[in-house]
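To start, the structure under review is shown below, and the notes come after it.
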Amino acid sequence: MKKFLSQAYLWLLLVMLYAPILIIAIFSFTEAKVLGNWTGFSLRLYENLFLGGMSNSLMRSIVNTLTIGVISAVISTILGGISAFGIYNLKGRTKKVISFVNDIPMLNPDIITGISLFLLFVAVGVTQGYVTVVLAHVTFCTPYVVLSVMPKLRQMNPNTYEAALDLGATPSQALRKVVLPQIRPGLISGLILSFTLSIDDFAVTLFTKGNRGLETLSTYIYADARKGGLTPELRPLMTIIFITVLLLLLVINIMGSRSKSKIQK
Amino acid sequence: MRIKRSSWSIPYAIFLALFVVMPLVMVAIYAFQGRGGGFSLEQFSRFIHTPEDLNTFMYSIEIALITTVLCLLLGYPAAWIMANSELNPSRITILLFILPMWVNMLIRTLATVALFDFLKAPLGEGALIFGMVYNFLPFMIYPIYNTLSKMDKSLPEAAKDLGATPGKVFTKVTLPLSMPGVWSGVLMVFMPTISTFAVAELLTMNKVKLFGTTIQENINSGMWNYGAALSLIMLIIIGVSTLMSGEESSRENETGGLL
Chain A
0 MKKFLSQAYL WLLLVMLYAP ILIIAIFSFT EAKVLGNWTG FSLRLYENLF
50 LGGMSNSLMR SIVNTLTIGV ISAVISTILG GISAFGIYNL KGRTKKVISF
100 VNDIPMLNPD IITGISLFLL FVAVGVTQGY VTVVLAHVTF CTPYVVLSVM
150 PKLRQMNPNT YEAALDLGAT PSQALRKVVL PQIRPGLISG LILSFTLSID
200 DFAVTLFTKG NRGLETLSTY IYADARKGGL TPELRPLMTI IFITVLLLLL
250 VINIMGSRSK SKIQK
Chain B
0 MRIKRSSWSI PYAIFLALFV VMPLVMVAIY AFQGRGGGFS LEQFSRFIHT
50 PEDLNTFMYS IEIALITTVL CLLLGYPAAW IMANSELNPS RITILLFILP
100 MWVNMLIRTL ATVALFDFLK APLGEGALIF GMVYNFLPFM IYPIYNTLSK
150 MDKSLPEAAK DLGATPGKVF TKVTLPLSMP GVWSGVLMVF MPTISTFAVA
200 ELLTMNKVKL FGTTIQENIN SGMWNYGAAL SLIMLIIIGV STLMSGEESS
250 RENETGGLL
């Protein structure tokens, strides 16, 4: 009985969490402009979504989201990896100060990060656009890379870097050939996390994108929703995003539990 | 030339100074700038003397508190059930609760709007609170689940063997041990709800305004000094709540949740 009740409670919450998404998914297979109106099964919205190609402003915003995500994730990972190695080897006060400042973008609400960067760009007189968005994303992604690389550095023998230098490697060779392989898992999870944070971001992008028509998916949806009513093509898009995330997480999880059971054997 | 290991942190130190410290300094400079350009508390007194903004501010805190309490009341039992091996929930159930955290907040908000449209329910304060709880519930469940599942299971068992009733076991053993997760969850729900802006507009058709929206509107309409002052006020609220809950959770236990 207790088991039944608790299972029922979990399922009730899950229904609440998934009902909105489910409704969107169902109504992505009909043509009606207004959600809630069923005018028969149709794949029209899916066709529309992909047919326009790059002339379609929605498609352009998706491409922007993905390229900004990839570029900022790569830059954050490189910067974060190198910096984590440096910070790990710092001592005393300097280390404390840098670690504290590194925490700020993670604790700051998005809106504050966005506004503060906006004010900086305005004060310096930079035209805001693609570059400022990437810079802003690197700012809030890099701290997460630093944090995911740190544990790997703690497991590493700190003298291997010096040993490589003694054996004639240049500093950058020592980083690439000796340190890099040992922190790779941390870098990969930092890269994935940065990419997710970047494509998910809304507030920071909104304040740093400028007014020259650059839109990412989030800002596009926002502008669209404010105009009143959703573009029907967003329904298939949301469905696709949701299913992609679901599959990705399932795969990561199954792989994770497999490798765990391998270790146990 | 030999580069010390720690020297690799120098580029990032410069980067942090430029893009984290400087922007915050800019917020402070703009916030304390008067109309004449010199130092002044004008912006802050303007806030206190604008009843509309002051009310929005108090209202946002109220909504954030309601959301946090509802998330805690709904989320704690869920986390407890999932961490309880006797009730044996599947891994998939846990995954399903975490999954929504990875979906864009705006998309989730619009999905809520769609649900209300579909049910022909009016958008307004009710929709706002539902949408907030819907958006942030996973952030409450996850840290509590984390602490509960890491907890030493022999402790509640020992309490039971020593004659404690199930209620006593919960209030005296399980709940105190899960407090770090609870604080972490409270912080992860309270902070974003107080600073959110787009969510409220969309869920109430612009009927209800939250403090984040007030800040955004001022920045957008070029009132940077006032907007910066409001941002600073929000930063102080966030800083105080982080410090309070951080202290609580570190005092309670070392094994924390997500933050």
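Note that the protein sequences, when read in sequence, are chains A and B. Number 180 in numbering that gives the first Met the number 0 belongs to position 181 of the first sequence; there are no gaps in the numbering. Number 110 in numbering that gives the first Met the number 0 belongs to position 111 of the second sequence; there are no gaps in the numbering. Using N, Cα and C, we set each Cβ at its ideal position, and we do this for glycine too. Predicted, not measured: the structure shown is a model, and the values here were computed from it.
Would you say residue i reaches chain A, if we count a Cβ-Cβ gap shorter than 8 Å as a contact?
i: Ala12(B); result: yes
i: Leu69(B); result: no
i: Gly33(B); result: no
i: Met104(B); result: yes
i: Leu109(B); result: yes
i: Ala197(B); result: yes
i: Leu95(B); result: yes
i: Leu257(B); result: Note that Leu257(B) scores 37 on pLDDT, short of 50, meaning its location in the model is unreliable and no value can be drawn from it.
i: Tyr29(B); result: yes
i: Ser194(B); result: yes
i: Val19(B); result: yes
i: Asn252(B); result: Because Asn252(B) carries a pLDDT of 42, less than 50, the predicted location of this residue cannot be relied on, and the following value inherits that uncertainty. No, Asn252(B) does not count as interfacial toward chain A.
i: Pro22(B); result: yes
i: Arg45(B); result: no
i: Tyr144(B); result: no
i: Ser177(B); result: no
i: Leu72(B); result: no
i: Ser5(B); result: yes
I'd like the list of long-range same chain contacts for residue i, defined as Cβ closer than 7 Å, with 5 residues on each side in sequence excluded.
i: Thr213(B); result: Asp52, Thr55 and Leu229
i: Tyr225(B); result: Gln42, Arg45 and Asn217
i: Val172(B); result: Leu154, Pro155 and Ala158
i: Trp223(B); result: Tyr29
i: Ile97(B); result: Pro137 and Tyr141
i: Ala227(B); result: Val26, Tyr29 and Ala30
i: Cys70(B); result: Val132, Phe135, Leu136, Met139 and Val188
i: Ser41(A); result: Phe28, Thr29 and Glu30
i: Arg43(A); result: Glu30
i: Ile277(A); result: Because chain A in this structure spans residues 0 to 264, residue 277(A) falls outside the shown range and cannot be described.
Judging by CA-CA distance, which residue of the options is the nearest neighbour of residue i?
i: Leu233(A); options: Trp10(A), Leu16(A), Ile23(A) and Ala7(A); result: Ile23(A)
i: Gly82(A); options: Glu156(B), Phe14(B) and Met190(B); result: Note on identity: in this sequence residue 82(A) is Ser, with Gly being the wrong assignment. When each option's Cα is compared against that of Ser82(A), the closest is Phe14(B).
i: Gly211(B); options: Asp102(A), Phe206(A), Leu44(A) and Leu248(A); result: Phe206(A)
i: Ser217(A); options: Ala122(A), Phe139(A) and Ile198(A); result: Ile198(A)
i: Gly130(B); options: Arg107(B), Lys149(B), Ile140(B) and Phe169(B); result: Arg107(B)
i: Lys151(A); options: Phe194(A), Val121(A), Leu179(A) and Met237(A); result: Leu179(A)
i: Ile193(B); options: Leu40(B), Thr67(B) and Ala77(B); result: Thr67(B)
i: Ser171(A); options: Met58(A), Val14(A) and Ile77(A); result: Ile77(A)
i: Met105(A); options: Asp200(A), Asp165(A) and Phe117(A); result: Asp200(A)
i: Ser27(A); options: Ile242(A), Met237(A), Leu249(A) and Arg211(A); result: Met237(A)
i: Leu109(B); options: Leu201(B), Pro10(B) and Gln215(B); result: Leu201(B)
i: Ile191(A); options: Lys2(A), Val69(A), Gly212(A) and Phe3(A); result: Val69(A)
i: Leu231(B); options: Ile110(A), Ala224(A) and Ser193(A); result: Ile110(A)
i: Ser60(A); options: Pro184(A), Leu213(A) and Gly185(A); result: Leu213(A)
List, in order along the chain, the chain B residues whose C-beta lies closer than 8 Å to that of residue i?
i: Phe28(A); result: Correct list: empty, because the minimum Cβ distance to chain B is about 14 Å.
Residues of chain A with CB under 7 Å from residue i, in chain order?
i: Tyr75(B); result: Correct list: empty, because the minimum Cβ distance to chain A is about 11 Å.
i: Asp116(B); result: Leu34 and Gly35
i: Pro99(B); result: Leu16
i: Trp244(B); result: Correcting the residue type first, residue 244(B) is Ser in the shown sequence and not Trp. Simply none; closest approach about 11 Å.
i: Tyr58(B); result: In chain order: nothing, as chain A lies at least about 17 Å away.
By Cβ distance below 6 Å, which residues in the same chain neighbour residue i in space, the five residues on each side in sequence not counted?
i: Thr203(B); result: Leu122, Gly123 and Leu127
i: Met155(A); result: Gln181
Output, in chain order, the set of chain A residues within a Cβ distance shorter than 8 Å of residue i.
i: Met233(B); result: Pro108, Ile110 and Ile111
i: Ala265(B); result: Any property of residue 265(B) remains undetermined from this structure, which presents chain B solely from 0 to 258.
i: Thr92(B); result: Leu9 and Leu13
i: Leu15(B); result: Ile97, Val100 and Asn101
I'd like to confirm the pairing. Which residues does DSSP put opposite residue i in its beta bridges?
i: Gln32(B); result: Phe38(B)
i: Thr29(A); result: Phe40(A)
What residues of chain B sit near residue i, judged by a beta carbon separation below 7 Å?
i: Ala122(A); result: Met25
i: Thr76(A); result: By Cβ distance, chain B contributes nothing, its closest Cβ being about 13 Å from Thr76(A), past 7 Å.
i: Ile86(A); result: Ser8
i: Phe241(A); result: Val102
i: Ile187(A); result: Here the premise fails: no neighbours, minimum Cβ distance about 17 Å.
Could you tell me whether the Cβ of residue i comes closer than 8 Å to any Cβ of chain B?
i: Met237(A); result: yes
i: Phe194(A); result: no
i: Val244(A); result: yes
i: Asn252(A); result: yes
i: Thr138(A); result: yes
i: Leu229(A); result: yes
i: Ser197(A); result: no
i: Gln263(A); result: For Gln263(A), the predicted structure reports a pLDDT of 49, less than 50, and the residue's modelled location is therefore unreliable. A value from the coordinates is still provided. Not one chain B Cβ lies under 8 Å of Gln263(A).
List the residues of chain A whose Cβ lies closer than 9 Å to the Cβ of residue i, in chain order.
i: Phe191(B); result: The sequence shown places Pro at residue 191(B), not Phe. The answer, in chain order, is Pro108 and Asp109.
i: Thr241(B); result: Leu106
i: Gly221(B); result: Simply none; closest approach about 10 Å.
i: Leu136(B); result: Leu12, Met15 and Leu16
By Cβ distance, which residues of its chain are closer than 8 Å to residue i, with the 5 residues on each side in sequence left out?
i: Leu174(A); result: Ile81, Phe84 and Tyr160
Quick check: is any heavy atom of the ligand NAD less than 7 Å from the C-beta of residue i?
i: Phe135(B); result: Summarising the ligand content, the structure contains no ligands, and the ligand NAD is consequently not present.
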